[in-house]
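What follows is a set of notes on a single structure, which appears directly below.
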Amino acid sequence: MRGRLMYLAAVGGCFLLAGVVLWHHLRAPSPRDGRPSSEARVFSTSVREGALTFDGRRALEELDALLEAVEEGDWARARAHFSEFERIARALPSPGLTHPDVSFALMDFFHLYRVQLERALSTEDSAGAMFAGNQLGDIIWDLRVQLGRAPLPELGRLRYLERDLRYWSEMGDEQMIRARIRGLERTWTSLRPVIASGRGRELVERFDELLEQLRAAHAVEEYREIAPELEEVVQQVEAHFSERGVR
């Protein structure tokens with residue numbers, strides 16, 4: 026009799042323990058319910074807020090206007106656009122835990138070329154301003170890509186390479202010219218089918234012809250002659266995508 030009572034007590038204890046475990050399990054949040062922790066929610070919100078507060082498109086527009094003013098020798102206007110660019114840049118996200126997609130190295134280069142551009146504007150150094158401004162434009166495009174704000178990264182790359190090719194043509198550096206031509210070829214390989222699938226076949230043919238001319242060129246003077254037409258075609262490529270809401 027005593028053995029039977031001990032057996033029933035042991036069985037009852039097991040059932041009680043199982044009930045407590047089940048109750049605790051039901052109260053605890055399931056890791057499979059798809060809801061992030063409060064830390065994760067704060068983390069993702071801060072990334073979205075950073076992407077929304079920094080207006081990369083406006084920053085690029087100010088840089089374009091600045092470089093246009095430099096080409097025209099209007100330094101007062103160039104400095105005004107630089108001031109507006111700096112105002113927009115104050116909202117740049119800081120790399121780290123709050124913005125894991127933003128590269129520390131990218132931001133270091135941003136500040137480096139920002140200082141170089143400011144110095145070039147103060148000394149009215151056209152070549153220095155064009156170089157630093159173009160580097161900043163490429164960095165802003167990369168930053169928009171990292172924040173998920175640039176639907177077509179190759180478009181920004183195309184503009185950067187065209188301007189950099191023009192710069193190195195003016196500097197007479199054939200090695201850098203060749204490097205930029207290779208970059209243009211790779212970027213165009215990605216963009217070409219997107220343009221050709223729409224109503225941009227004539228644009229594709231024209232860009233293909235210019236690439237052939239660049240490949241065949243051997244003297245710095247030849248690159249300089251092609252550069253203005255290449256700039257015009259790149260602007261048409263940008264307009265082609267802008268009409269479709271891609272910028």
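Residue numbers (our numbering): 26 to 272.
Ideal Cβ placement from N, Cα and C applies to all residues, glycine included.
Taking Cβ positions, are Arg169 and Val259 nearer each other than 8 Å? no
To which residues of the same chain is Glu179 closer than 6 Å at the C-beta, ignoring the five residues directly before and after it? In the same chain as Glu179, and ignoring 5 residues on each side of it, the C-beta atoms closer than 6 Å to its own belong to Thr212, Ser215, Leu216, in chain order.
Near Asp80, what residues of its chain come up, given a Cβ to Cβ distance below 8 Å and the 5 sequence neighbours on each side ignored? Ile113, Ala116
Are the region 185-193 and the region 247-256 in contact at 8 Å, needing three or more beta carbon pairs? yes
If we ignore side chains and look at the alpha-carbon of each, how far apart do Gly197 and Leu122 end up? Computed Cα separation, rounded: 43 Å.
Delimiting residues of the alpha helix (DSSP H) encompassing Leu85: 81-96
Near Ala90, which residues of its chain fall below 7 Å by C-beta distance, leaving aside the five closest residues on each side in sequence? His106
Where Arg82 and Gln238 are concerned, what is the direct C-alpha to C-alpha distance, given to the nearest angstrom? 32 Å
Would you please state the rounded distance, in angstroms, between the beta carbons of Met135 and Leu172? I believe it to be under 8 Å. Contrary to the premise, residue 135 reads as Phe rather than Met in this sequence. Actually they are not in contact, since the Cβ atoms of Phe135 and Leu172 sit about 13 Å apart, beyond 8 Å.
Could you compute how far the alpha carbon of Leu85 sits from the alpha carbon of His243? 33 Å
Nearest to Ser108 by alpha carbon, out of Arg139, Ser119, Glu187? Arg139
Cβ-based burial, Pro118 [other Cβ within 10 Å; buried from 16]: Only buried fits Pro118, as 16 or more other CB atoms lie within 10 angstroms of its CB.
C-alpha distance - Glu102 paired with Val95, whole-angstrom precision: Before going on, a small fix: residue 102 reads as Arg here, not Glu. Distance between the alpha carbons of Arg102 and Val95: 8 Å.
Option in Gln261, Ile202, Leu209 with minimal Cα separation from Leu236: Leu209
On the premise that Leu186 lies in contact with Arg205, defined as a C-beta separation below 8 Å, what is that separation, rounded to the nearest angstrom? 5 Å
Please report how far the alpha carbon of Ala221 lies from the alpha carbon of Arg144, in whole angstroms. 42 Å
Arg224 versus Gln200, Met132, Glu268, residue with shortest Cα-Cα distance: With distances taken between Cα atoms, Arg224 lies closest to Glu268.
Which of helix, strand or coil does DSSP assign to Gly197? When secondary structure is reduced to three states using DSSP, Gly197 falls in the coil class, being assigned neither helix nor strand.
Between the alpha carbons of Ala154 and Leu142, how many angstroms are there, rounded? Going by C-alpha positions, Ala154 is about 5 Å away from Leu142.
What first and last residue would you give for the alpha helix (DSSP H) that runs through Glu109? 100-114
Could you tell me which of Leu255, Arg174, Thr148 sits nearest to Thr78, measuring between CA atoms? From the listed residues Leu255, Arg174, Thr148, the smallest Cα separation to Thr78 is found for Arg174.
Only counting the same chain, and skipping five residues up and downstream in sequence, which positions put a Cβ closer than 6 Å to that of Gly181? Taken in chain order, the residues that qualify are Trp166.
Leu146 beta carbon less than 8 Å from that of Arg207: no
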